[in-house]
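**Student:**
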Amino acid sequence: MDRANRITHVSTNDCFASRKKGCSALKFKACKDCSFYKTTDQHHKDQAKALKRIFSLDKDVQDHINETYYRGKMGGNSYEG
Ligand code: SF4
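Take the sequence shown: its position 78, counting from 1, is numbered 1054 in the working numbering, and each next residue is one higher.
Pasting the structure below:
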């Protein structure tokens, strides 16, 4: 998503992190001009891209990332132990 779309978005309900009681990504929901805004579709694409990048790394690095950021539950079928 380009910077212009992030800055000019006005609807908060279409953000991937928008919840009834707040924001699942940030401590406070303040959507106006939020630089973390993206659609759910874009969020899923970004997640897939990140996993693809992680799976391209050495196994030791994958293990470190898995334990540090995914609590040992990083998914995907490219991960080979
Ligand atoms: S605060 Fe930002 S990340 Fe959170 S729901 Fe609003 S636009 Fe999305």
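No residue lacks a Cβ here, since even glycine has one placed at the ideal position from N, Cα and C.
Enumerate in chain order the residues of its own chain whose CB-to-CB distance from K1005 is below 6 Å, with the five nearest sequence positions on each side excluded.
**Tutor:** By 1-based counting over the sequence shown, the position of residue 1005 is 29. Cβ neighbours of K1005 beyond the five flanking positions: G998, C999.
**Student:** Would the C-beta of Y1046 count as close to ligand 1, meaning under 6 Å from any of its heavy atoms?
**Tutor:** Working through the sequence shown from its first residue, we reach residue 1046 at position 70. No, the Cβ of Y1046 stays beyond 6 Å of every heavy atom of ligand 1.
**Student:** What number of angstroms, rounded off, separates the C-alpha of C1007 from the C-alpha of K1025?
**Tutor:** The sequence position of residue 1007 within the sequence shown is 31, counting from 1. The sequence position of residue 1025 within the sequence shown is 49, counting from 1. Here the alpha carbon of C1007 sits roughly 25 Å from the alpha carbon of K1025.
**Student:** Where Q1038 and H1020 are concerned, what is the direct C-alpha to C-alpha distance, given to the nearest angstrom?
**Tutor:** The residue labelled residue 1038 in the question sits at position 62 within the sequence shown. The residue labelled residue 1020 in the question sits at position 44 within the sequence shown. Roughly 20 Å separates the two Cα atoms.
**Student:** What is the DSSP secondary structure of R1029, counted as helix, strand or coil?
**Tutor:** Walking along the sequence shown from the start, residue 1029 turns up at place 53. Three-state DSSP puts R1029 in a helix.
**Student:** Applying the 10 Å Cβ sphere with the 16-neighbour rule, what's the burial state of K1014?
**Tutor:** Taking the sequence shown and counting its residues from 1, the one referred to as residue 1014 is at position 38. By the 10 Å Cβ count, K1014 comes out buried.
**Student:** I'd like the list of long-range same chain contacts for K1003, defined as Cβ closer than 8 Å, with 5 residues on each side in sequence excluded.
**Tutor:** By 1-based counting over the sequence shown, the position of residue 1003 is 27. Hits under 8 Å: none found.
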